[in-house]
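Numbering (numbering that gives the first Met the number 0), first residue to last: 0 to 149. We put the CB at the ideal spot given by N, CA and C, even for glycine. Since the structure is predicted, the reported quantities are computational estimates derived from the model, not experimental observations.
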Amino acid sequence: MLFYSTNFSCIEIDGPDSRDFLQKQLSNDISALDLSDQSKKGAQLVQTSCYCDAKGRLISLLKICRKEDNHYFIIVPKSLSSTVINRLKMFKLRASLNITDSSDQVTVSGYTSERPDSTEFFDDLTTEYFKFFEDTKGKTQGKGWVFTRP
């Protein structure tokens with residue numbers, strides 16, 4: 000089943016310092032999302048991570064997806080997006096990067112199946128666990144699409 004999720008927002012982070020910045024902010028190893036390693040497939044281009052405060056208390060669980068070198072999407076619950084964005088901006092300091100709420104330009108969608116190991120539909124769409132599609136024909140009111148699967 001393909002579903003459109005209105006409960007999630009997409010935060011876009013891009014710029015020369017984005018990888019190092021995210022490595023310092025999130026709980027998972029961002030350097031593992033390495034596009035130059037051709038042996039890596041889609042599952043290695045998306046991670047579940049968490050964003051914590053200075054005391055280690057959870058602010059938000061999130062998915063981080065690497066679109067290109069120094070260009071990431073963070074999928075976060077809509078109710079926490081402004082908190083996450085404001086906190087990321089608070090620690091940006093002199094890092095050369097942009098942090099934007101791209102929810103107006105990107106639609107977050109997901110895919111699930113009756114069989115957990117079934118990938119038939121998603122494989123027709125993409126062989127990756129994360130895929131970004133540009134809206135080149137205006138069929139989605141100018142929004143791009145981010146598809147993820149567990």
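Residue burial classification, residue i (beta-carbon count within 10 angstroms, cutoff 16)
i	result
PHE72	buried
PHE90	exposed
GLU11	buried
SER48	buried
LEU92	exposed
LEU96	buried
LEU57	exposed
GLN46	buried
SER17	buried
Residue i versus residue j: straight-line alpha-carbon distance, rounded
i	j	result
ILE63	ASP28	11 Å
GLY55	THR5	28 Å
VAL75	PRO15	23 Å
ASP176	SER26	As shown, the chain starts at 0 and ends at 149. That puts residue 176 outside it, with no answer to give.
VAL107	PHE7	7 Å
PHE20	ILE98	11 Å
GLU222	LEU60	The requested residue 222 is not part of the displayed model; the chain covers only 0 to 149.
GLN22	TYR50	11 Å
Residue i: first and last residue of the uninterrupted beta strand (DSSP E) it sits in
i	result
THR47	45-51
ASN97	97-100
Reference residue i; option with closest CA among the options
i	options	result
ARG65	SER80, LYS23, ASN85 and ALA31	ALA31
CYS9	ILE84, CYS51, SER95 and LEU92	ILE84
LEU87	PHE7, ASP13, ARG18 and GLN24	GLN24
LEU44	ALA53, SER81 and HIS70	HIS70
Range covered by the alpha helix (DSSP H) that runs through residue i
i	result
ARG18	17-24
ARG86	80-89
Nonlocal neighbours in the same chain, by C-beta distance under 7 Å from residue i, ignoring five residues either side
i	result
ASP100	SER8, ILE10, SER80 and ILE84
Cβ-based neighbour list, residue i, same chain, cut-off 6 Å, excluding 5 preceding and 5 following
i	result
SER150	Residue 150 is absent from the model: the chain starts at 0 and stops at 149.
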